[in-house]
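So the mapping is simple: the numbering used here equals the position in the sequence shown, first residue as 1, plus 5.
Built from N, CA and C at the ideal position, the CB exists for glycine as well.
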Amino acid sequence: MKHIRTSSFTQLPIARLAAAILMLTVFGFALAGSMTPFKGWGSATVIGVNVQPTYTELTIAGTGQSTHLGRFCRLEVLQINGTGGVSGTIVFTAANGDTLTVSVAGQFVSATDVVGTYAVTSGTGRFAASTGGADFTAQSLDGIHVTFRFGGAIS
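#1: Do you know whose CA, among Thr-41, Leu-63, Pro-58, lies nearest His-150's CA?
#2: Below 7 Å CB to CB, which residues in the same chain sit around Ala-124 once its five sequence neighbours on both sides are set aside?
#3: Any idea what DSSP makes of Gly-157, helix, strand or coil?
#4: Which residues in the same chain have their Cβ closer than 6 Å to the Cβ of Asn-86, if we skip the five residues on either side of it in sequence?
#5: Quick check on Gly-69: does DSSP put it in helix, strand or coil?
#6: Which same chain residues end up closer than 6 Å to Leu-29 when comparing Cβ atoms and leaving out the 5 residues on each side of it in sequence?
#7: Taking only the alpha-carbon atoms, compute the straight-line gap between Asn-55 and Gly-45 and give it to the nearest angstrom.
#8: Closer than 7 Å to a non-hydrogen atom of the ligand COA - does that hold for the CB of Thr-68?
#9: DSSP puts Arg-131 in a beta bridge; with which residues?
#10: Is the beta carbon of Thr-88 sitting closer than 8 Å to the one on Phe-77?
#11: Quick one: residues in its chain with C-beta nearer than 8 Å to the C-beta of Thr-41, no 5 flanking neighbours on either side, listed in chain order?
#12: Taking the straight line between their C-alpha atoms, what separation do you get for Gly-75 and Val-51?
#13: Alpha carbon to alpha carbon, how far is Thr-126 from Gly-90? Give it in angstroms, no decimals.
#14: What does a CB cutoff of less than 6 Å around Val-96 pick up in its chain, not counting 5 residues either side in sequence?
#15: Please work out which residues of its chain come closer than 6 Å, Cβ to Cβ, to Thr-136, disregarding the five sequence neighbours upstream and downstream, and give them in chain order.
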């Protein structure tokens with residue numbers, strides 16, 4: 006019986022392929038980014054009201070402080086339906102001009118308080134590949150001035 010000897014010539018491409026797959030897997034996870042806490046607070050003012058037959062649209066401008074963004078400005082366009090459901094978009098702008106855009110889904114739980122979630126939809130600059138979201142609370146005692154807090158995680 007003849008022994009078949011495996012040469013290093015045939016093993017080398019397989020070893021290189023295995024190493025390449027391992028590197029892509031390890032670095033792929035690293036490049037995907039790890040989730041880090043994203044929390045903040047601020048205040049805002051209603052600057053526009055557009056009443057429609059099935060909802061009221063509010064435009065709200067505000068400022069605040071958060072992890073990742075630091076000091077920020079934000080512009081919200083929200084729709085409030087007849088049952089107190091809230092949906093819309095918020096664009097956070099960091100001091101250097103980078104933006105983080107989130108979709109909003111929430112519900113009034115009293116005449117003055119809203120709870121809900123933010124989901125990251127896009128960004129620019131350092132937020133270009135961000136994912137994640139946060140839970141939020143917001144309160145307006147007079148229907149014009151709003152305070153808010155949020156906490157979650159983004160990559």
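According to the data block:
#1: Of Thr-41, Leu-63, Pro-58, the residue nearest in Cα terms is Leu-63.
#2: Around Ala-124: Val-107, Ser-108, Gly-138.
#3: Three-state DSSP puts Gly-157 in a strand.
#4: Around Asn-86: Tyr-60.
#5: In the structure shown, Gly-69 sits in a strand (DSSP, three-state: E or B).
#6: A caution first: Leu-29 carries a pLDDT of 39, below 50, which makes its placement in the model unreliable, though a value can still be read off. If you ignore the 5 residues before and after Leu-29, its C-beta comes within less than 6 Å of no other C-beta in its own chain.
#7: Asn-55 and Gly-45 have their C-alpha atoms some 28 Å from each other.
#8: Ligands in the displayed structure: none, and consequently the ligand COA is not present.
#9: Paired residue(s): none; Arg-131 is not in a bridge.
#10: No, the pair does not count as a contact, with Cβ atoms beyond the cut-off.
#11: Around Thr-41: Thr-72, His-73, Ala-158, Ile-159, Ser-160.
#12: Their backbone Cα atoms lie some 23 Å apart in a straight line.
#13: Roughly 20 Å between the two C-alpha positions.
#14: Listed in chain order, the non-local C-beta contacts of Val-96 below 6 Å within the same chain comprise Leu-80, Thr-104, Thr-106, local neighbours out to five positions each way being set aside.
#15: Take Thr-136, set aside five residues on each side of it, and the residues of its chain with a beta-carbon closer than 6 Å to its own are Val-125, Ser-160, in chain order.
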